[in-house]
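Take 10 as the starting number for the sequence shown in the working numbering and just add one per residue.
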Amino acid sequence: MEKVKILKNQRLSERIYLLEIAAKGRLLEVNPGQFVKIKFPDFRYDPLFPRPFTVHSFQNQVLKILYQVVGKGTLALSKLSEGEEIFVFGPLGKPYPEKIDFPLGLCAGGVGIAGFGFFLERLPENLQKRIFLYYGARTSSELVRLDYFSKFPIELKLATEDGSAGKKGYITELLEEDLKEEKIKILLACGPMPMLKVVKELSEKYGIKAYLSLETFMACGTGFCKGCVIKARKGGYFHLCEEGPTLLASEVIF
Ligand SMILES: Cc1cc2nc3c(=O)[nH]c(=O)nc-3n(C[C@H](O)[C@H](O)[C@H](O)COP(=O)(O)OP(=O)(O)OC[C@H]3O[C@@H](n4cnc5c(N)ncnc54)[C@H](O)[C@@H]3O)c2cc1C
Ligand code: FES
């Protein structure tokens, strides 16, 4: 576990923040799709367990986390300022699959967008041009980091449930329009479980491969506690912290 300095902890919308830390030690080995666990120094017993977060961006040894405040841990994190120190453990989990076809559809719901930044940063420009990024949220203020994502030569498609930005409705509706036109060969999705279920159904309906970045409660993050299981189609369970968090949709049962 590395003790690292906070460089910035910026509020982007009502509940979404961008944390920047100076990475060091093993953290420098992180790859897109992997996650880290953050322990808050003042919270020795509650929250007891470090919280898991996907790496959103990693450039010039600055590691960024895009996070949403949902409970005690993330609220505590949102109150930390530049210069304060936190404990960061990782990298954990498996990176996104290496062999991936293009054109690739990235489908993100809310802060599920986080990991796709780092993924795009590591992709050569000729492949970035073959990315469709579908990004949905409840309302326009929750569509964060648009300036950052707009700098990549990708096709960015937006949807909000209230129609305040992009298409009104769910992002999976936009995705289905392009699947019908056979624009995409493969999918990688991250977001709330209802969205992931629809992505899984769409991949089956249109006969394409889909990878899902899944979330469960993760106590240890290292394969010890067996608390992060998700049902496997072949029988038994996947341990998301070690075998995931990204798994083939066809191999899991929700
Ligand atoms: C591999 C992985 C990567 C993640 N990456 C990110 C990220 O990049 N950005 C981000 O904002 N969040 C991410 N999360 C979710 C994040 O870890 C949780 O939101 C966080 O642990 C909540 O901690 P808390 O103490 O604030 O909330 P808690 O007090 O622990 O929980 C508050 C509420 O949130 C619910 N909750 C807690 N964890 C989750 C979860 N995993 N999924 C759904 N509901 C949950 C609880 O059931 C409870 O209702 C990730 C989770 C995993 C497993
Ligand atoms: S979080 Fe403990 S085994 Fe996965």
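All residues carry an ideal CB built from backbone N, CA and C; glycine is no exception.
In the structure shown, residue 179 adopts coil according to DSSP, grouped into three states.
Of the other Cβ atoms in all chains shown, 16 or more fall within 10 Å of the Cβ of residue 140; this residue is therefore buried. The C-beta of residue 233 has fewer than 16 other C-beta atoms within 10 Å across all chains shown, which makes the residue exposed. Sequence-distant Cβ neighbours of residue 131 in its own chain, meaning closer than 7 angstroms and more than five residues away, are 41. Unbroken beta strand (DSSP E) runs of no fewer than 3 residues, entirely contained in the segment 25 to 63, are found at 25 to 31, 44 to 48 and 60 to 63, following chain order. Taking the Cα of residue 164 as reference, the smallest distance to any Cα among 88, 116 and 77 is reached at 116.
According to the DSSP assignment, residue 157 belongs to the alpha helix (DSSP H) that extends over 155 to 159.
Contact between residue 114 and residue 180 is absent: CB atoms are separated by about 11 angstroms, not below the 8 angstroms threshold.
For residue 227, the closest of 168, 247 and 61 by C-alpha to C-alpha distance is 61.
A straight-line Cα-Cα distance of about 23 angstroms links residue 189 and residue 201. When the beta-carbon positions are compared, residue 99 and residue 13 stay at least 8 angstroms from each other. Here the segment 118 to 138 makes no contact with the segment 81 to 101; the two share fewer than three CB pairs at distances below 8 angstroms.
Here residue 73 carries a strand assignment [DSSP, helix/strand/coil]. Nearest to residue 223 by C-alpha distance, out of 217, 231 and 203, is 203.
Closest option to residue 81, judged by alpha-carbon separation, among 59, 75, 65 and 90: 59. Per DSSP, residue 208 is one residue of the alpha helix (DSSP H) stretching across 202 to 214.
Ligand 1 never approaches residue 204 closely enough for any of its heavy atoms to be under 7 angstroms from the residue's Cβ. Residue 227 has its Cβ nearer than 7 angstroms to a heavy atom of ligand 2. Not a single heavy atom of ligand 2 lies less than 7 angstroms from the C-beta of residue 57. For residue 128, the uninterrupted alpha helix (DSSP H) run begins and ends at 123 to 130, by DSSP. Where residue 87 is concerned, the enclosing alpha helix (DSSP H) starts and stops at 81 to 87. When the five nearest sequence neighbours on each side are left out, the beta carbons in the same chain lying within less than 6 angstroms of the beta carbon of residue 209 are those of 258, in order along the chain. Taking a C-beta distance under 8 angstroms as the contact criterion, residue 105 and residue 255 qualify as a contact pair. By the beta-carbon neighbour count (other beta carbons within 10 angstroms, threshold 16), residue 166 is buried. Residue 76 has its Cβ nearer than 7 angstroms to a heavy atom of ligand 1.
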